[in-house]
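Under UniProt numbering, think of the first position of the first sequence as 1, with each following residue one higher. From the three backbone atoms N, C-alpha and C, an ideal C-beta is built for every residue, glycine too. Bear in mind that the values here come from a model prediction, so they are computed numbers and not experimental data.
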Amino acid sequence: MKIATWNINGVKARIENLCQWLKDSDPDIACLQEIKSVDEGFPRGEIEALGYHVETHGQKGFNGVALLSKIKPDEVNRGLPGDETDEQARFIEGVFSVEGGVVRVCSLYLPNGNPSDDPIKYPYKLAWMARLEAFARDRMALEEPLILAGDYNVIPEPHDAKDPSQWVTDALFLPQTRAAFRRLENLGFVDAVRATNDETPLFSFWDYQAGAWQKNNGIRIDHLMLSPEASDRLRSTAIEKHVRAWEKPSDHVPVVGHFHF
DNA sequence: ATGGTAGGGTACCTA
């Protein structure tokens, strides 16, 4: 089974690329972020025509996440628990029946947090990460294959950036951000791409600005975090960076994991 | 060099 995460930066602007990628890459489950659409505006017909079930958690203009899957989820939950006043659509969870049990897959869009000296944005990022850690701890107790997939807006290590010195005051790379990400790992989650690749650097995002793609000035911020039960079944991973060279690309590329499910 | 580009939605906000 192939499970992927991709920040598509606007589903309406990316529908042609998205459909082409679904045909080429043929994921069983695709976790999307930044759909930038309300649920009613999501172009589900084109995606359903390719054989996918569609579950969305959208909002107007910004954010928004989705789960596309060849098998229909048994259960879907929208929103990250822990703050009923949070109206930003950044989290959706699906439970899928597979041979021998279930796999639980979450598509998450972690807050960017910049500018990092903003009195609202960076604290919101850290609070969201604390809620994610609490959620992950709860789910870990189920002892199920669990995949927390998404745009984490976290550069885990210096070698996950072409030029780490550019990022020292950035919310994606501040010590507190990286420490919160490590706390998630220390619950027992495995960074699937890092666990299956010795090579560095590996990037999943190249800014639209200043020729970042042409200069390979990238960062690795899109991650597949696996519970031990999911990690046991991991075969390989890939970063499909050729998609960044397509016409009208997203600034992120798909990150995929192959599993023995 | 302190910019640059893109999406959403129609004035700026977010990234």
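Closest by C-alpha distance to residue 43, out of 29, 92, 66 and 26, is 66.
Here residue 35 carries a coil assignment [DSSP, helix/strand/coil]. Annotation: the continuous beta strand (DSSP E) that includes residue 77 extends over 75-78.
For the set 185, 113 and 117, the Cα lying nearest the Cα of residue 124 is the one of 113. Residue 56 sits away from residue 28, with the two beta carbons spaced by 7 Å or more. In the DSSP annotation of this structure, the continuous segment of the beta strand (DSSP E) that includes residue 105 starts and ends at 101-109. In this structure the region 176-191 does not touch the region 202-212; the number of beta carbon pairs closer than 8 Å is below three. DSSP places residue 235 inside the beta strand (DSSP E), whose first and last residues are 234-239.
Around residue 53, the same chain offers 69 and 72 as residues with beta carbons nearer than 6 Å, after the five sequence neighbours per side are excluded.
In this model, residue 62 and residue 32 are separated by some 13 Å (Cα to Cα).
Residue 3 is a Cβ neighbour of residue 257, given a cutoff of 7 Å.
Take the alpha-carbon of residue 249 and the one of residue 135: they are about 32 Å apart. Distance check between residue 199 and each of 21, 239, 154 and 131 places 239 closest, using alpha-carbon atoms only. With a cutoff of 7 Å on beta-carbon distance, residue 149 and residue 224 are scored as near each other. Check the Cα spacing between residue 219 and each of 230, 231 and 255: the tightest is with 255. Beta bridge pairing from DSSP links residue 97 with 102. Under the 10 Å beta carbon count, residue 58 is surrounded by 16 or more other beta carbons and is classified as buried. Per DSSP, the beta-bridge partners of residue 2 are 258. When secondary structure is reduced to three states using DSSP, residue 151 falls in the strand class.
Our two residues, residue 229 and residue 140, have alpha carbons roughly 9 Å apart in a direct line.
Annotation for residue 18: the continuous alpha helix (DSSP H) segment containing it runs 11-25.
Segment contact: the region 90-101 against the region 44-51, fewer than three CB-CB distances shorter than 8 Å; contact not assigned.
Our two residues, residue 142 and residue 23, have alpha carbons roughly 34 Å apart in a direct line.
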